[in-house]
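Inspection log for the structure reproduced underneath, given as structure tokens.
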Amino acid sequence: GAVVSQHPSWVICKSGTSVKIECRSLDFQATTMFWYRQFPKQSLMLMATSNEGSKATYEQGVEKDKFLINHASLTLSTLTVTSAHPEDSSFYICSARERGGPLAGLYTEQFFGPGTRLTVL
Amino acid sequence: AQSVTQLDSHVSVSEGTPVLLRCNYSSSYSPSLFWYVQHPNKGLQLLLKYTSAATLVKGINGFEAEFKKSETSFHLTKPSAHMSDAAEYFCVVSLWGYNKLIFGAGTRLAVHP
């Protein structure tokens, strides 16, 4: 199957600093990438959907100025947590959907990255 | 609105015995349903998906699920558990395929020798 990588796999930072997380589709072109957040022992919550070359669409309750998403190419999306605070500590997971034909998006599988664990001190 | 409820947060079975992970969904339209597995420190892996074709769906690693519209259920089963099946399992619903996935709370499967 298609491979999605995330970097870094874990990061520890001080409160007030910004952290950038990269999501890459290694062997396919991803027109759409998704960012999820997972708290310990909880499910994944969609934060935002990003389409290559356009602004991300954020879910209700997600601060777009705090969680900056850039999808500048068909293989790379970045999530920047700005002015991070301890409550932003979480597991961040991205997924990518392959570019497809006329029915793309109906049944095109999302491939998930391994996740990035962020700890803000 | 769409939602999915996983009825058990933890399931424990002995190796070689059947596995049943329960999932009920709510959707105003014909849903697409999926089961994903998450092993520690690894990405989510798609086990199987239902997209309005056959109601009995076979997936990888011997798992299968049956879509029952009358019961709004999509339970995941496996005839014989293996130690390597121990992981977190997520039932997921989506309208119109993969546009937006809504995850259940997850079921942690433990497999004992």
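Line by line, the protein sequences give chains Y and A.
The opening residue of the first sequence carries number 15 in the working numbering; numbering runs sequentially from there.
The opening residue of the second sequence carries number -5 in the working numbering; numbering runs sequentially from there.
Don't be surprised by glycine CBs; every beta carbon is placed ideally from N, CA and C.
Predicted model only: the values in this text are computed from it and were never measured.
**Request:** Return the Cβ separation of Lys28(Y) and Leu93(Y) in integer angstroms, given the expectation that the two are a contact with Cβ distance under 8 Å.
**Result:** Not confirmed; about 19 Å, so no contact.
**Prompt:** Can you tell me whether Ile54(A) is buried or exposed, with buried defined as 16 or more other CB within 10 angstroms of its CB?
**Reply:** By the C-beta density criterion, Ile54(A) is exposed, having fewer than 16 other C-beta atoms within 10 angstroms.
**Prompt:** Are the CB atoms of Lys36(A) and Pro128(Y) nearer to each other than 7 Å?
**Reply:** Going by C-beta atoms, Lys36(A) is nearer than 7 Å to Pro128(Y).
**Asked** Is it the case that the Cβ atoms of Leu90(Y) and Arg51(Y) are separated by a distance below 7 Å?
**Response** Not closer than 7 Å, so no.
**Option in Ala80(A), Phe97(A), Val87(A) and Gly100(A) with minimal Cα separation from Tyr23(A)** = Checked all of Ala80(A), Phe97(A), Val87(A) and Gly100(A); the closest Cα to Tyr23(A) is Val87(A).
**Message:** Is the separation between the beta-carbon of Ala59(A) and that of Phe68(A) shorter than 7 Å?
**Reply:** Cβ distance < 7 Å, so Ala59(A) and Phe68(A) count as in contact.
**Request:** Determine the direct distance from the alpha carbon of Ala99(A) to that of Ala110(Y), and round the result to whole angstroms.
**Result:** Taking the straight line joining both Cα atoms gives about 22 Å.
**Message:** By the DSSP assignment, the beta strand (DSSP E) with Gly23(A) in it spans what residues?
**Reply:** Here residue 23(A) is Tyr; the residue named in the question, Gly, does not match the sequence. Segment: none, Tyr23(A) is in no beta strand (DSSP E) and carries neither H nor E.
**Item:** With 16 other Cβ atoms within 10 Å as the buried cut-off, status of Ile26(Y)
**Value:** Around the beta carbon of Ile26(Y), fewer than 16 other beta carbons lie within 10 angstroms, which makes this residue exposed.
**Prompt:** the segment 30 to 51 of chain A: which residues have C-beta closer than 9 Å to a C-beta of chain Y, in chain order?
**Reply:** Listed in sequence order: Tyr30, Gln32, Asn35, Lys36, Gly37, Leu38, Gln39, Leu40, Lys43 and Thr45.
**Prompt:** Which runs of the beta strand (DSSP E), 3 residues or longer, sit entirely within the segment 38 to 73 of chain A?
**Reply:** Segments of the beta strand (DSSP E) lying fully in the segment 38 to 73 of chain A: 38 to 44, 50 to 52, 58 to 62 and 67 to 72.
**Message:** Please tell me whether Thr71(Y) and Phe48(Y) are closer than 7 Å, where the distance is taken between their beta carbons.
**Reply:** Result no, Cβ atoms of Thr71(Y) and Phe48(Y) do not sit closer than 7 Å.
**Request:** Name the two residues that bound the continuous beta strand (DSSP E) containing Gln20(Y).
**Result:** Under the DSSP assignment, Gln20(Y) falls in the beta strand (DSSP E) whose first and last residues are Val18 to His21.
**Neighbouring residues, chain Y, relative to Leu95(A) (Cβ below 9 Å)** = By Cβ distance, chain Y contributes Phe48, Tyr50, Leu58, Leu60, Ser109 and Gln124.
**Asked** Can you tell which of Gly30(Y), Phe126(Y), Trp24(Y) and Ser87(Y) has the C-alpha that lies nearest to the C-alpha of Pro100(Y)?
**Response** Ranking the options by Cα distance to Pro100(Y), first place goes to Gly30(Y).
**Message:** For a test of the three-state rule: what should DSSP assign to Glu9(A), helix, strand or coil?
**Reply:** Looking at Glu9(A) - three-state DSSP - the assignment turns out to be coil, as it is neither helix nor strand.
**Asked** From the beta carbon of Ala99(A), is the nearest beta carbon of chain Y less than 7 Å away?
**Response** Chain Y contact via Cβ: present.
**Message:** So, under 8 Å CB-CB, Thr101(A) and Ser3(A) are touching, yes? Tell me the CB distance rounded to an integer number of Å.
**Reply:** Indeed, because the Cβ distance is near 6 Å, the residues count as touching under 8 Å.
**Request:** Pick helix, strand or coil for Glu101(Y), following the three-state DSSP scheme.
**Result:** Secondary structure of Glu101(Y) (DSSP, three-state): helix.
**Message:** Just verifying my parser: in three-state terms, what is the DSSP assignment at Ser78(A)?
**Reply:** In this structure, Ser78(A) counts as helix in the three-state DSSP scheme.
**Item:** Nearest candidate by alpha-carbon position, reference Cys85(A), set Met77(A), Ile96(A), Ala(-5)(A) and Lys52(A)
**Value:** Ranking the options by Cα distance to Cys85(A), first place goes to Ile96(A).
**Message:** I'd like the ranges of any beta strand (DSSP E) spanning at least 3 consecutive residues and lying wholly in the segment 22 to 109 of chain Y.
**Reply:** Whole beta strand (DSSP E) segments, 3+ residues: 24 to 27, 33 to 39, 44 to 52, 58 to 65, 81 to 87 and 90 to 95.
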